[in-house]
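Since the structure comes first, as structure tokens, the remarks are kept for the end.
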Amino acid sequence: MTSEITLFVNPTAGRGRGAHAAQPAASALRTAGFSVRTILGADAADGLRRAREAVESGTGALIAVGGDGMANLALQAVAGTRTPLGIVAVGTGNDFARALGLPVRDPAAAARTVAQALKEDQLRDIDLGRVDGTWFGTVLASGFDSRVNDRGNRMRLPAGRFKYDLAMVAELAAFRPLPYRITLDGGAVHEVEATLVAVGNGTSYGGGMKICAGADLTDGLFDITVVGDCSRSTLLRVFPRVYKGTHLEHPKVTVHRAARVELVAEEVTGYADGEPLGPLPLVAECVPGGVRVLGP
């Protein structure tokens, strides 16, 4: 393992927490004896290009500093390679870091955890999802939740997570279940009226909402959570239970497991790790051992 590692920084994550986190993270890594190179990038495409160059040049690890969006961008650089990925999570949701058991919003502690993992070879291979060559680590969302994302992304004000709360209220007012066709492993076809369909490699999205609470990062399968044609009042009752994962017990919720899933629905955007993938139809494949990660 080379002692040179790369910090991949999003300066805008968490309203600027990404930029502030880079210094204590780098300091903790250097104290542990590592040579640290920091890359930013003028935009996502430029940052990804620089990250891929670091991986190709043989960096000992790529450490993403930011939120789930930054972790997702880093995945595009390291997936399918043997370069390990670490995360210094300082974003809004931080679901991927939580899935890996890493500290969140404490950059020095996260960097110390990464340094210890590098020194003690605490490396493990976990599954990833892939859609048309784009990798994801946590959840592919579609339906009501992705429409909330669509609306929130169009809103300029207010800033932060509050705009997504407002977007949720607005989407509830226009809420209606949608017809889906879900094909699992190229065989079983489910035609359902659904409020949302979530394809989970990891358990949670949105900062701890355990939409796919039973998902396992190492079993080679997705957990596919289907929330059926529930009414607006039922959705309001069931939704708070998602933070504990107990929504899976509701009769309107079903869970399937598959390594490949095709989702077909009209006027629905798919989001993975909170990032837009594009409109359905989409095919997601679970890739066993898609990335090597650092952590306890």
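Under UniProt numbering, think of the first position of the sequence shown as 1, with each following residue one higher.
The beta carbon of each residue, even a glycine, is placed where N, CA and C say it ideally should be.
Distance, Cα to Cα, residue 148 vs residue 236?
If you take the alpha carbons of residue 148 and residue 236, they lie about 14 Å apart.
What span of residues does the beta strand (DSSP E) with residue 285 cover, start to end?
Taken as a continuous stretch (DSSP letters only), the beta strand (DSSP E) holding residue 285 covers 282-294.
Indicate the three-state DSSP secondary structure (helix, strand or coil) for residue 40 in the structure shown.
Correct three-state label for residue 40: coil.
What did DSSP end up calling residue 92 once you bin it into helix, strand or coil?
Coil.
Taking the alpha-carbon of residue 255 as reference, which of 265, 210, 287 and 232 has the nearest alpha-carbon?
The candidate whose alpha carbon is nearest that of residue 255 is 210.
To the nearest angstrom, how far is the alpha carbon of residue 232 from that of residue 172?
Spanning the two alpha carbons is a distance of roughly 7 Å.
Looking only at C-alpha atoms, which of 75, 240 and 215 sits nearest to residue 49?
Comparing Cα-Cα distances from residue 49 to each of 75, 240 and 215, the minimum goes to 75.
Put residue 129 into one of helix, strand or coil per three-state DSSP.
DSSP places residue 129 in strand when its eight states are reduced to three.
Taking just the CA atoms, how far does residue 187 sit from residue 92?
Cα to Cα, the separation comes out at about 38 Å.
Determine the direct distance from the alpha carbon of residue 228 to that of residue 108, and round the result to whole angstroms.
Going by the C-alpha atoms only, they are around 43 Å apart.
From residue 234 to residue 175, what does the alpha carbon distance come to, in whole angstroms?
Cα to Cα, the separation comes out at about 12 Å.
Please report how far the alpha carbon of residue 114 lies from the alpha carbon of residue 178, in whole angstroms.
Going by the C-alpha atoms only, they are around 43 Å apart.
I'd like to confirm the pairing. Which residues does DSSP put opposite residue 6 in its beta bridges?
DSSP lists 37 and 62 as partners of residue 6.
Output the boundary residues of the alpha helix (DSSP H) element that contains residue 148.
Here the alpha helix (DSSP H) through residue 148 covers 144-154.
From which residue to which residue does the alpha helix (DSSP H) around residue 107 run?
Note, residue 107: alpha helix (DSSP H), 107-119.
Note the first and the last residue of the continuous alpha helix (DSSP H) segment covering residue 232.
232-238 is the span of the alpha helix (DSSP H), which, as asked, contains residue 232.
With DSSP as the reference, identify every bridge partner of residue 85, one or two as the case may be.
Answer by DSSP bridge pairing, in chain order: 62 and 293.
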